[in-house]
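Chemist:
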Amino acid sequence: MRCYDCLQEARSDTTSIGVCSRCSLATCENHARVRQVRVTHQNGLGASHGRIPARRVICHTCDMAETAH
Numbered sequence: 009m010r011c012y013d014c015l016q017e018a019r020s021d022t023t024s025i026g027v028c029s030r031c032s033l034a035t036c037e038n039h040a041r042v043r044q045v046r047v048t049h050q051n052g053l054g055a056s057h058g059r060i061p062a063r064r065v066i067c068h069t070c071d072m073a074e075t076a077h
């Protein structure tokens, strides 16, 4: 697969390294961000959190939208 953002920039030679977990578009190593997230499990009426964070791939556009304040 090819990186969607690179295709928008008229660069079609970049191969994607993953798929954005928010918008599901292919993203390359230059446009991808790898973030750590806490894993939450429902436990009755509450929730428990894992000790080891998981990771997820997110594209540059979705990362900017999530972190904008």
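All residue numbers for the sequence shown refer to our numbering, where the first residue is 9 and numbers rise by one.
Cβ atoms here follow ideal geometry from the backbone N, Cα and C, with glycine treated the same way.
In this structure, does DSSP put alanine 73 in helix, strand or coil?
Modeler: Alanine 73: helix per DSSP, three-state reduction.
Chemist: I'd like to check one pair, proline 61 with glutamine 50: are the Cβ atoms closer than 8 Å?
Modeler: No.
Chemist: Run through DSSP, which three-state label would histidine 57 get?
Modeler: Histidine 57: strand per DSSP, three-state reduction.
Chemist: May I ask which residues mark the beginning and end of the alpha helix (DSSP H) holding cysteine 14?
Modeler: Note, cysteine 14: alpha helix (DSSP H), 12-16.
Chemist: According to DSSP, which residues form a beta bridge with arginine 64?
Modeler: Arg43.
Chemist: When you compare the CB positions of cysteine 11 and serine 24, do they come within less than 8 Å of one another, or not?
Modeler: Yes, they are a contact pair.
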